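Residue numbers (our numbering), protein chains in the order written: chain P, 521 to 719; chain R, 521 to 719.
2 protein chains.
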Amino acid sequence: MPLYIKSVEKLINEFRKLPAIGPKSARRIVYYLLKLPPRQIEDFARSLIEMKEKVKFCSLCHNLSEEDICHICRDGSRDQEKICIVEEVGDVTILEKTGRYRGLYHVLGGLLSPIDNIGPTELRIPGLMERIKKNRVSEVIIALNPTVEGESTAMYIKKIVTPLGAKPTMLASGLPVGGDLEYADEITIGRALTDRREI
Amino acid sequence: MPLYIKSVEKLINEFRKLPAIGPKSARRIVYYLLKLPPRQIEDFARSLIEMKEKVKFCSLCHNLSEEDICHICRDGSRDQEKICIVEEVGDVTILEKTGRYRGLYHVLGGLLSPIDNIGPTELRIPGLMERIKKNRVSEVIIALNPTVEGESTAMYIKKIVTPLGAKPTMLASGLPVGGDLEYADEITIGRALTDRREI
């Protein structure tokens, strides 16, 4: 006799794979879904598929976009001579929310990490260098998390952008060292943007 | 210019509706999903729909089931004269995991709560009384959370099952008062089952 219902356990396992969801939360979520009308579940499933179909990554900055070029790169009113470098797409939204930045972005997709075999070629460094040359970028604002990997990636970027004539700057302190950009408040991030310092 | 991608925000909102998921976790989950291959997203969406299509509630005990009658009610080797009353379907799995109970179950679907207008007719009390009479149930084990609503629901059940000839018992203490059955460990729940006391 089975202790569990197969289709229920399968879905619990799908939820367990997601970040920040443990086994008890996964079970709780699935029991909650079981009580919902079928229509709502179908909406949920459709939103999943739709997002995956519609959302691409901008071919210039690798930010999320429903078009080939994202709305930030398309926006001619933004300062084309400034590029802000972030680790993940989520960081673009976090910085945009501060309303203190009107330049472009470049999403690295990770940080340098010799332990995990992530070198410059694994990140989107070649594309960044191309954009710096083409846009005659005067400033590269490095907005990475203040961790060991973040700082060493920043140092690497400083080394490669300086010969291209771009001034490297980074977010001012104000972010607690060892912390995560994702959990800082908007005012702190806004101030850190304004107070960015040359490195 | 939109700050957000519509299909991404829509999915974040779907995740925010789920229990135990806050706005930051929802965003984190969706960015994680964006990195997965489309195949895995389709599997996830299909698991959702499939579960909703396949899973019904047992017409006798209201436990989850892919058939009209669940595997526990169908199991002739189980003690038909004992019924264990639980609040939610998840509680059946928790009790089954202890391996200490071989009777049947009855899922109430909630607790009595005058404030929320939940009276005996909102719960599955009539079905319970019918089953007690039909199976000539000798013992009704009340396995509800040791909260105010749980205790008062237990008292109500004691009052209605006693005239039907069934002895009401409840889980022994061992569960911290004011706590939640879902977060207790299996050994504690197993001991509470063995030490159940008459009320």
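We put the CB at the ideal spot given by N, CA and C, even for glycine. Being a predicted model, the structure only gives us computed values, none of them experimental.
- A residue is called buried once 16 or more other Cβ atoms fall within 10 Å of its Cβ, and R/V681 is buried on that count.
- DSSP places P/G623 within a strand segment (E or B) once states are collapsed to three.
- Residues of the segment 558-584 of chain P with a C-beta less than 7 Å from any C-beta of chain R: P558, I561, E562, F564, A565, S567, L568, I569, E570, M571, K572, K574, V575 and L584, listed in chain order.
- When R/E671, R/P688 and R/V528 are compared, the shortest CA-CA separation from P/N583 is found for R/V528.
- Residue burial is scored here from C-beta neighbours: P/N665 has at least 16 other C-beta atoms within 10 angstroms and is therefore classed as buried.
- In the DSSP annotation of this structure, the continuous segment of the alpha helix (DSSP H) that includes P/K544 starts and ends at P543 to K555.
- Annotation: the continuous alpha helix (DSSP H) that includes P/C593 extends over H591 to R594.
- For P/I638, there is no enclosing alpha helix (DSSP H), as DSSP marks it with neither H nor E.
- About 11 Å separates the CB atoms of P/E607 and P/S633; that is not less than 8 Å, and the two are not in contact.
- Rounded to the nearest angstrom, the gap between the Cα atoms of R/G710 and R/E601 is 20 Å.
- If you check the CB distance, R/I589 and R/S579 come in under 9 Å.
- Here the segment 538-552 of chain P lies against the segment 532-549 of chain R, with 3 or more beta-carbon pairs under 8 Å apart.
- For P/P539, no beta strand (DSSP E) encloses it, and the DSSP letter there is neither H nor E.
- Shown in chain order are the members of the segment 600-618 of chain P whose Cβ falls below 9 Å from a Cβ of chain R: E608, V609, G610, T613, E616 and K617.
- Contact between R/T689 and R/I661 holds: their C-beta atoms lie close to 5 Å from each other, under 8 Å.
- Annotation for R/L531: V550 and L553 place their beta carbon closer than 8 Å to its own, counting only its chain and skipping 5 residues before and after.
- Contacts with chain P at 9 Å (Cβ-Cβ) do not include R/P543.
- Burial check for P/Y703: the Cβ neighbour count within 10 Å stays below 16, so the residue is exposed.
- Note on P/T613: 16 or more other CB atoms within 10 angstroms of its CB, so buried under the neighbour-count rule.
- Ranked by Cα distance from P/V657, the options P/N637, P/E671 and P/I605 are led by P/I605.
- Cα atoms of P/R536 and P/L643: separation of roughly 28 Å, rounded to the nearest angstrom.
- Listed in chain order, the non-local C-beta contacts of R/A663 below 7 Å within the same chain comprise C604, I605, V606, D611, L615 and L691, local neighbours out to five positions each way being set aside.
- Closest in C-alpha terms to R/C581, from the list R/I645, R/Y625 and R/A546, comes R/Y625.
- Minimum Cα-Cα distance from R/K653 among the listed residues R/I645, R/V627, R/L684 and R/Y676 corresponds to R/L684.
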